[in-house]
Amino acid sequence: MRILNYMVQYQSHFDASFAALSDATRRGVLEQLVRSDASITQLADRFGMTLTGMKKHVSVLEQAGLVATRKVGRVRTCRLGARTLADEAAWIERYRQLWAERFNALDTIVEELKRQEKADGRDTGE
Amino acid sequence: MDATQANDPADVRDGTTTERTSDRELVITRTFNGPVHLVFKAWTTPELLMRWWVPESFGINLVGCEVDARTGGRYRFVFDVPGQPEPAAFFGRYLEVTPPKRLVWTNEETDDGSVTTVTFEEKDGKTHLVLHDLYPSKDALDAALASDSTGAFPEQFDQLDVVLASAE
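Respectively, the protein sequence lines represent chains A and B.
Heads up, the first sequence is in the working numbering, so the first residue is 123 and it goes up one at a time.
Heads up, the second sequence is in the working numbering, so the first residue is 17 and it goes up one at a time.
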């Protein structure tokens, strides 16, 4: 399902994303960045690549909006890009739905406890 | 995600609000039609928690629920997730349990999990609940958002692979 939303929402980015995601190393880089930000050097080490090779991969991901980079001093740090984080509103809505579903079930239990308490003559000291 | 439906005042059972109130905090509110001691009981009794904590639509099965709802006590929820060989666990520690007003617990299944604070307040026989999920940093909350929205990556990649293969 989500892949469909993905396609509808980001059609203009789609060619770039498609190309970016079709490579195993680049998928690995994204999975790594979900866990934590990393420098190009760290990513190169992790995937056993040269710095130049990793720079190329990161550049493809950056053009697709999947990764953002920032240079501080001599270190270029990579993190997930705005495109990847654009789902925040959708995430918060799913989070709300999760709690709403829980709370609807909790409503039922509260009703049940109220009835029980009434039947027990509000004797909850046990 | 029909906004008009979500805002329908007739849907009295679902008055749940959610807001990202800061770089590292999410807040949820809800009012329950019952006194606070009963709502609090439903949050701290394992047999009752098991009946509402896992939404039915998730299709996962809660197989274990250990809850020692005392300050310093621990909790552990264990789930069977379809298609995954190992059960998943959510666990942590109660930093504060003050019946029937306040619960604070840690979420320790990840290194930078949130601290959840729930407060209960009774008014006119109803209980107003406010839940705060406070992450250790902006990055931790962003990562939680990203890991969920990208959590289906392996599955998406499989699907993409299929699409790519058929496009060739």
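Using N, Cα and C, we set each Cβ at its ideal position, and we do this for glycine too.
Check: In the structure shown, what three-state DSSP assignment does Thr32 of chain B receive?
Finding: coil
Checklist line | Cα-Cα separation between Ser158 of chain A and Asp128 of chain B, rounded to whole angstroms | finding: 11 Å
Notebook entry, point to check: Should Val55 of chain B be flagged as near chain A, meaning a C-beta pair shorter than 8 Å?
Noted result: yes
Checklist line | Candidates B:Arg92, B:Trp69, B:Asp96, B:Gly108, of which the one nearest Thr230 of chain A by Cα | finding: B:Trp69
Item checked: Where Lys236 of chain A meets chain B, residues with beta-carbon distance less than 7 Å -> The contacting residues are Gly50, Leu54.
Check: Unbroken alpha helix (DSSP H) runs of length 4 or more, entirely within the segment 41-74 of chain B: which are they?
Finding: 52-60, 62-68
Check: Under the three-state reduction of DSSP, which class applies to Val97 of chain B: helix, strand or coil?
Finding: Looking at Val97 of chain B - three-state DSSP - the assignment turns out to be coil, as it is neither helix nor strand.
Note to self: Applying the 10 Å Cβ sphere with the 16-neighbour rule, what's the burial state of Thr34 of chain B?
What the structure shows: buried
Item checked: From B:Thr87, B:Lys117, B:Cys81, B:Ala85, residue whose alpha carbon lies closest to that of Ala104 of chain B -> B:Cys81
Margin query: For the alpha helix (DSSP H) containing Arg149 of chain A, name the first residue and the last one.
Written below: DSSP places Arg149 of chain A in the uninterrupted alpha helix (DSSP H) bounded by 146-157.
Next item on the list: In the DSSP assignment, find the unbroken alpha helix (DSSP H) run with Arg168 of chain A in it and report its ends.
Entry: 162-168
Next item on the list: Could you tell me the distance, in whole angstroms, from the CA atom of Leu42 of chain B to the CA atom of Ser130 of chain B?
Entry: 10 Å
Next item on the list: List the endpoints of the continuous alpha helix (DSSP H) containing Thr174 of chain A.
Entry: First-last of the alpha helix (DSSP H) with Thr174 of chain A: 173-185.
Note to self: Comparing C-alpha positions only, which one of B:Asp96, B:Thr132, B:Arg118 sits nearest to Asn77 of chain B?
What the structure shows: Nearest neighbour of Asn77 of chain B by Cα position, chosen from B:Asp96, B:Thr132, B:Arg118, turns out to be B:Asp96.
Check: When the Cβ atoms of the segment 223-238 of chain A are set against those of the segment 196-204 of chain A, are three or more pairs found closer than 8 Å?
Finding: At 8 Å Cβ cutoff, the stretches do not touch.
Notebook entry, point to check: In whole angstroms, what is the alpha-carbon distance linking Lys141 of chain B and Glu125 of chain B?
Noted result: Inspection of the sequence shows that residue 141 of chain B is occupied by Gly rather than by Lys. Cα to Cα, Gly141 of chain B sits roughly 36 Å from Glu125 of chain B.
Notebook entry, point to check: Where does Ala104 of chain B sit, in a helix, a strand or coil, going by DSSP?
Noted result: strand
Note to self: Taking the beta carbon of Leu173 of chain A as the centre, do at least 16 other beta carbons fall within 10 Å, making it buried, or is it exposed?
What the structure shows: exposed
Check: Start and end of the beta strand (DSSP E) containing Thr132 of chain B?
Finding: 131-139
Next item on the list: With a threshold of 7 Å, establish whether the CB of Val197 of chain A neighbours any heavy atom of the ligand ADP.
Entry: What this structure holds is no ligand at all, so the ligand ADP is not there to describe.
Next item on the list: Tell me, please, whether the CB atom of Ala222 of chain A is closer than 8 Å to any CB atom in chain E?
Entry: Of the protein chains in the structure, A and B, none is chain E.
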